[in-house]
Amino acid sequence: MAWRMTTDGASKTMSETHRYDAALAADIEARWQDYWERHGTYETPNPTGDLADDSGRAARPKKFIMDMFPYPSGAGLHVGHPLGYIATDVYARFQRMSGHNVLHTLGFDAFGLPAEQYAVQTGTHPRVSTEANIRTYRTQLRRLGLGYDTRRSFATIDPDYYRWTQWIFLRVFNAWYDEEAGLARPIDELVELFASGERPTPDGRAWAELSPAERADVLSAHRLAYAADAPVNWCPGLGTVLANEEVTAEGRSERGNFPVFKARLRQWNMRITAYADRLIDDLDTVDWPEAIKIQQRNWIGRSHGARVDFPVADDASVTVFTTRQDTLFGATYLVLAPEHPLVEEVVPAAWPEGTPGEWTGGHATPAEAVAAYRKQAAAKSDVERQAEAKEKTGVFTGVHATNPVNGERIPVFIADYVLLGYGTGAIMAVPAHDSRDFAFARAFGLPMRCVVEPTDGRGTDPATWDGSFTSGEAHLINSSAPGVSLDGLGVAEAKERINAWLGERGAGEGTVTYRLRDWLFSRQRYWGEPFPIVYDEDGVAHALPDTMLPLELPEVDDYSPRTFDPEDADTQPETPLSRNHDWVHVELDLGDGPRKYRRETNTMPNWAGSCWYQLRYLDPFNDRALVDPEIERYWMGPREGMSTGGVDLYVGGAEHAVLHLLYARFWQKVLFDLGHVSSAEPYHKLFNQGMIQAYVYRDSRGFPVPAAEVEEVGDGWVHRGEPVRRELGKIGKSLKNVVSPDEVFASYGADTLRLYEMAMGPLDVSRPWETRAVVGQFRLLQRLWRNVLDETTGEVSVVDDAPDDATLRAMHKAIHGVAQDLEQLRFNTAIAKITELNNHVTKIDRVPRAAAETLVRLIAPLAPHIAEELWSRLGHEGSVVHTSFPVADPAYVTDETVTCVVQVKGKVRARLDVAPDISDTELEELALAAPGVVEALGGAAIRKVIVRAPKLVNVVPG
RNA sequence: GCCGGGUUGGUGGAACCGGUAUACACGGAGGUCUCAAACACCUCUGCCCGUGAGGGCAUGCGGGUUCGAAUCCCGCACCCGGCACCA
């Protein structure tokens, strides 16, 4: 080993040259990053306002290119984080060089739980730790050479920013959804409708007769942001409610692993359900991956069906929701959710005559049975419910209902396979044609009736079936009663017929139901946007006037919510802000003189800031409006013939497929309805980048060992002499496989890292990081460097000779292909084409200047630092960022001759060099004369010849 | 269970409309340069048979359509995401 160290020393002196090594890359990169900053290279003009300039660039076609902004964690970046940022940066640079005015910047999503938890543990104010994290991120992102308009960057925790988050909340609060017009309108217009009597109040009294509190209640039922009792995930151990995504499948908190209980609490909600149809329908206007659109559609869960009323007792009825109203004749019992409120009202004192024993659960009276079943259902965790999903449980209520279509008396059950929160919380059970009803009917010995004729030959007696018949591609049978018959109809026609019949009879109607619930919008946390809401002494909520914004977070001593015994479900949340008496209790003049108020002490969820940030990038310093309308229209205005425009390209992880993207679309639509923005959609084109994974090495006990210490031995891997096994996983501390960008900067530089991440594979698939493969992209840059200058003297070595024909063709083919690939975000193949051209140029002794300059400009979006350096050494003034991307000359994009493949029966038997414009007949002649073809045919007759000039001929012998 | 996406050399991947399968890169082998090594450069590198020319077989598996299939259709296996008693 000793000799190796001395030779290392020797190679040090050797490297005192102009070789492109890590040290030189670092020097070049630092110099150009400083240059860009000094010259505001990436600053983008607006057409008007304080960011307008006289560069003329605002007159060009525009591109707004955006990343999902990061939540800056204390750990800093690893090599997996910047994949999407590099991709948008490359794309933005390409668009800039292609003549666009490009808006590209990055802000920070900075409210949220990690900073607050850190504050609770250390006493550091979340603002202090968050801002330190943001500084670290900014330094690391700058080191990558990402070209942002830094003037437009902000964090969601800046009061100048969340002032407008609060402003939007107030617009939502002060709006209602006009179902007839199909859009949101200011709440004042609803008040006018009530006041004029054009719209009746719920109880029919005149608006003027209602007390202020009564009016507030009426309006609250219409506002798009409203406080209401709702079942939430209450976690006493953490002292806070949790979003669904913060609760594990085991029904415990993701952080701390405490039990989570369902509790009804008064919380703020947003009426996103009013937009369910538009959120589905407008997906047709955006350019998003189909998989994401499907996920959003499924989440919203629109299903078309019918409500049907089943009379019970004398004056009561159960309304069920069904999507198979065509099978109404097959309904043989009803099931209500255990918690259904109607149950108490109608349960009789005693079991009806002849009630089977298995229906009663062994209880003496229906009331007892219902109470016992409810208790048992409530105690079940979600996991138990899931595990038992196959075994249906339930109990008879002692009540019978009447099937409206045939007058049959059918029993009513409660069972936990029916959910209160969906539809009407009640179903009509058609065991012959629904798998769950089938299982339940089998368990309780309930009758089944086949009303849709099976198409699979199983016959029409459900007693002989293994499961229900659910196909909708079949015809109705056994479905006739006086006044209505569905027999012989297809399922679709039967649905229409029964809807009409129900409507005429007043027994129901066709209707639409959604899976989507309103959005729970409040959290018991410190580190979030305060609600700009105060309550008067009657508990009526009032909006603060815009002039009182921003309502800043108060300083507090204790950031943590009050926590409780984790198992004690009978506790109530106490928010951190509520302990701040002087902040909570205020005297304000809201227009009717100074009065005492109590502030709302919940804060907004951390989705709030990310719902609208694209708009603030446009006009970040505007203190009179969220965004200037002219500027907003310039960057995000609708596309031709559509009501939607939006960000031209939005890149981020697929984990936000539903929540963030749905919430942001919802806010955009409210702002659109109220006239604040011109596009009904925020993000026109969405692209999901894949994840960079890394190898995880586990020892014999299954624990991860530090990946950096593992050595490859033969076919296996070894850590400290012990064999370990290898798998792929996320990059992270817990898996001990973190690779920091700093390591790559130190060995190769930022341009190499950028190239490597873009070359690994298509942007939308996940791929494994392999440190040893990074060197390939480094070699590309070294060769490029040597093609332009002499690495011993540092002198530019290109010559002014015109490139030869082969080089010209290689150049223009590369230009053509690279431009196409970059436009389509196919960076890996773009790099392959640049590499091919570079390899071609490497073989030329005297490199023509035109070839070198083409290479430099082709690679400039991908490796901007070395491109700048070479561009300037080639004698150009100014930055390569604002030069134009090369344009391919069609005359050189095709080869002078192409290789034509001649197949016999689909197998290649000869290759011919032919002119690209050769005629079919000429080519066929040549092909049939080719020696390989003659031999393969062996004199056999020719049945057919397929000619696809100039690339292919296929000869089919007879 | 349902819905999406995937499976191509030792490895990451390419083949865009059904028309030369394996571009580009990593790794590997050999060579040139060097006292030597590193770097760099050059050649080879899907598998099998063959000294060779050449031939055969290969895109997860089994069928099909077609003059021709990695690509389209049917069935199956495995992997990765998402949803999950949604009536």
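Each step along the first sequence adds one to the number in the working numbering, with nothing skipped, and position 621 is 621. For each residue, glycine too, the CB sits at the ideal point set by N, CA and C. The structure presented is a predicted model; accordingly, all values stated were derived computationally and were not measured.
Taken in chain order, the complete beta strand (DSSP E) segments of 3 residues or longer contained in the stretch 262-332 are 303-312, 316-322. Considering only Gln782, Ala213, Phe413, Pro848, the residue with the shortest C-alpha distance to Asp801 is Pro848. Distance from Val893 to His840 at the Cβ level is roughly 15 Å; contact not present, criterion being Cβ atoms closer than 8 Å. Three or more beta-carbon pairs separated by less than 8 Å link the stretch 288-296 to the stretch 655-672, which places the two stretches in contact.
When beta bridges are read from the DSSP output, Val491 appears opposite no residue. Boundaries of the alpha helix (DSSP H) around Glu131: 126-143. Residue pairing by DSSP places Arg599 opposite Val534 in a beta bridge. A distance below 7 Å between beta-carbons, with the five flanking residues on each side excluded, links Lys669 to the following residues of its chain, in chain order: Tyr275, Arg278, Ala680. Leu77 and Gly112 have their C-alpha atoms spaced approximately 18 Å apart. The criterion of a C-beta distance shorter than 8 Å is satisfied by Ala569 and Pro236. According to the DSSP secondary-structure assignment, Leu588 is paired through a beta bridge with Arg595.
Selection Arg948, Arg873, Gly459, Glu868 evaluated against Val898 yields Arg948 as nearest (Cα-Cα).
Around Ala443, the same chain offers Lys392 as residues with beta carbons nearer than 7 Å, after the five sequence neighbours per side are excluded.
Contact between Pro532 and Leu520 is absent: CB atoms are separated by about 19 Å, not below the 8 Å threshold. Counting only runs of at least 3 residues, the stretch 99-124 fully encloses the following beta strand (DSSP E) elements, listed from N- to C-terminal order: 101-103. For the 8 Å CB-CB criterion, Pro886 and Arg857 form a contact.
For Glu722, the enclosing beta strand (DSSP E) stretches over residues 722-730.
Under the three-state reduction of DSSP, Ala481 is assigned to strand. Within the stretch 886-930, the runs of beta strand (DSSP E) at least 3 residues long that lie entirely inside it are, in chain order, 898-904, 907-914.
Only residues of its own chain outside the window of five on either side were considered, and among them Pro338, Glu339, Ile414 have a CB closer than 8 Å to the CB of Arg374, listed in chain order.
Residue state for Trp234 is assigned as strand, using DSSP reduced to three classes. By the criterion of a C-beta distance shorter than 7 Å, Gln166 is surrounded in its chain by Glu529, Pro532, Leu549, Pro550, Leu551, once the five residues flanking it on both sides are discounted. About 6 Å separates the beta carbon of Leu476 from that of Val452, a gap short enough to meet the 8 Å contact definition. Asp50 carries a coil assignment under DSSP once its states are collapsed to helix, strand and coil.
Distance from the CA of Gly361 to the CA of Val395, rounded to the nearest whole angstrom, comes to 6 Å.
If the five residues before and after Val880 are omitted, its C-beta is found closer than 6 Å to the C-beta atoms of Ala860, Ala867, Glu868, Trp871, all from its own chain and listed in chain order. Following the DSSP letters along the chain, one finds Gln693 inside the beta strand (DSSP E) bounded by residues 692-698. The beta carbon of Ala206 sits closer than 8 Å to those of Gly197, all from its chain and outside the five residues before and after it, given in chain order. Under the three-state reduction of DSSP, Arg374 is assigned to helix. Assigned with DSSP and collapsed to three states, His78 falls in coil, not helix or strand. For Glu345, the uninterrupted alpha helix (DSSP H) run begins and ends at 342-346, by DSSP. Rounded to the nearest angstrom, the Cβ distance from Asp518 to Leu183 is 18 Å, too far for a contact under 8 Å. Only buried fits Phe108, as 16 or more other CB atoms lie within 10 angstroms of its CB. The beta carbon of Asn838 sits closer than 8 Å to those of Leu780, Arg783, Leu784, Asn787, Leu855, all from its chain and outside the five residues before and after it, given in chain order.
Within the same chain, Cβ atoms closer than 6 Å to the Cβ of Lys944 are found at Val956, the five residues on either side in sequence being excluded. Per DSSP, Leu649 lies in no alpha helix (DSSP H) segment; the continuous beta strand (DSSP E) that holds it begins and ends at 649-652.
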